[in-house]
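Undergrad: One rule links them: number in the working numbering = place in the sequence shown (from 1) + 562.
Here it is, the structure, as structure tokens.
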Amino acid sequence: MKKLIFILLSLVIFTNCKAQSKSIKKITPKKNHKMIIPNISKEDIKISNIKDLVSRENKKILERSNDSSQLVNENAKELNFEQNGFASLYKDGKLKLLSKITEDNVQKPIPRKKEHFNSPKEFSQKAQTLVNFFPNENIHTIKQTINTPNGYFPAGNWYVYDESGNLLQHIDHEKYFTMSYYDIAKIADSYDYPVISIGRGFDNKEFSYWLIILEGIQDQQLLTKYIIINDKTGKIIYETNSEEELNNFPGFKEMAKYGEDLYKLFKPN
């Protein structure tokens with residue numbers, strides 16, 4: 563999937579000479595379908611002292627079982643706590659990760675037009691926020707994704723900091739996109755394939771697109787189909803059954819490098 567996402571960045575070059583259209587009604591984006599993702603930066607995150615977290619946890623243990631053998635130690639190999647709306651992971655007494663799921667309070671899940679064996683029966687989305695830390699426990703990255711039954715993709719606001727807490731890069735993904743996941747799901751569902759994958763991306767010229775990958779299953783063999791949708795117009799600009807056609811687009815290496823460079827600073831430390 564990641565490789566295909568980078569491949570699609572080159573499509574802006576070929577829209578006029580390579581595009582194929584499908585006789586499907588143009589989708590008009592519905593902004594009320596777009597999930598509201600909270601913008602969480604370093605300043606919005608409050609970290610509790612591990613001693614306080616351990617004390618609180620041990621108090622719960624004693625109230626629940628009065629068994630001192632179950633008490634936790636702050637230097638344990640791994641500890642998990644709930645704090646300030648986040649699930650937190652500590653390793654060897656050091657904070658490593660915060661994670662948080664935000665439910666979609668804008669749009670309820672939408673049933674598929676037809677049920678398919680061993681496939682999700684509806685389209686739905688949630689936002690996930692992940693906060694990673696340096697060894698000195700300062701925040702390194704804040705990353706958000708939209709998670710769906712059809713895969714996940716970068717979303718919301720991403721921040722990366724140096725070890726002293728200075729901001730190095732900020733990406734606001736939502737400013738590039740007009741269409742919502744549900745707009746794309748509606749197009750994908752019109753093809754009546756059992757397996758649907760959905761992703762999206764943009765290039766350095768702010769051309770944004772969505773990718774749909776449609777596949778069959780063992781009991782329903784179908785040719786894999788790749789569909790690219792222009793986010794600004796809602797039109798299908800390319801459709802093929804051949805991954806090789808996508809891989810052979812001129813300019814792929816240059817556009818792939820753009821995608822790699824965009825997220826380079828966000829790689830784990």
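Ideal placement from N, C-alpha and C gives every residue a C-beta, glycine not left out.
Given the structure is predicted, the values throughout are model-derived calculations rather than measurements.
(1) Measuring only the C-alpha atoms, how far is Gln669 from Asn642?
(2) Which residue comes first and which comes last in the alpha helix (DSSP H) that contains Glu619?
(3) DSSP state of Lys639, grouped into three classes?
(4) Go ahead and pull the three-state DSSP assignment for Lys787.
(5) Thinking C-beta only, is Asp793 closer than 8 Å to Phe739?
(6) Below 8 Å, can you find three or more Cβ-Cβ pairs linking the stretch 623-632 to the stretch 711-731?
(7) For the beta strand (DSSP E) containing Lys658, list its first residue and its last residue.
(8) Given 8 Å as the limit, is there contact between the stretch 667-687 and the stretch 744-763, that is, 3 or more CB pairs closer than that?
(9) Roughly how many whole angstroms lie between the Cα atoms of Tyr771 and Lys662?
(10) May I ask which residues mark the beginning and end of the alpha helix (DSSP H) holding Lys748?
(11) Quick one: any contact between the stretch 650-659 and the stretch 753-761, if contact means 3 or more CB pairs under 8 Å?
(12) Do you know how far the Cα of Asn611 is from the Cα of Asn601?
(13) Just to check my reading of the structure: Ile760 and Tyr743 have Cβ atoms closer than 8 Å, yes? What is that Cβ distance to the nearest angstrom?
(14) What did DSSP end up calling Tyr820 once you bin it into helix, strand or coil?
TA: Checking against the coordinates, here is how it stands:
(1) Here residue 669 is taken as the residue at index 107 of the sequence shown, counted from 1. Here residue 642 is taken as the residue at index 80 of the sequence shown, counted from 1. Using only the alpha carbons, I get a separation of about 31 Å.
(2) For the purposes of this step, residue 619 is identified with residue 57 of the sequence shown, where counting begins at 1. Counting along the chain, the alpha helix (DSSP H) containing Glu619 begins and ends at 612-627.
(3) As a position in the sequence shown, residue 639 is number 77, starting the count at 1. DSSP places Lys639 in coil when its eight states are reduced to three.
(4) For the purposes of this step, residue 787 is identified with residue 225 of the sequence shown, where counting begins at 1. Of the three classes helix, strand and coil, the one that applies to Lys787 here is strand, per DSSP.
(5) Residue numbering aside, residue 739 sits at position 177 when the sequence shown is read from its first letter. Residue numbering aside, residue 793 sits at position 231 when the sequence shown is read from its first letter. Yes, these two residues count as a Cβ contact at 8 Å.
(6) no
(7) Numbered from 1 along the sequence shown, position 96 holds the residue referred to as residue 658. Here the beta strand (DSSP E) through Lys658 covers 656-665.
(8) yes
(9) In the sequence shown, the residue the question calls residue 771 occupies position 209. In the sequence shown, the residue the question calls residue 662 occupies position 100. Cα-Cα distance, rounded: 27 Å.
(10) To locate residue 748, count along the sequence shown from 1; it is residue 186. Lys748 -> alpha helix (DSSP H) spans 743-751.
(11) no
(12) Looking up residue 601 in the sequence shown gives position 39. Looking up residue 611 in the sequence shown gives position 49. Using only the alpha carbons, I get a separation of about 24 Å.
(13) Here residue 760 refers to the residue found at position 198 when the sequence shown is read from its first residue. Here residue 743 refers to the residue found at position 181 when the sequence shown is read from its first residue. That belief holds up - the Cβ atoms of Ile760 and Tyr743 are roughly 7 Å apart, short of 8 Å.
(14) One-based indexing of the sequence shown puts residue 820 at position 258. Three-state result, Tyr820: helix.
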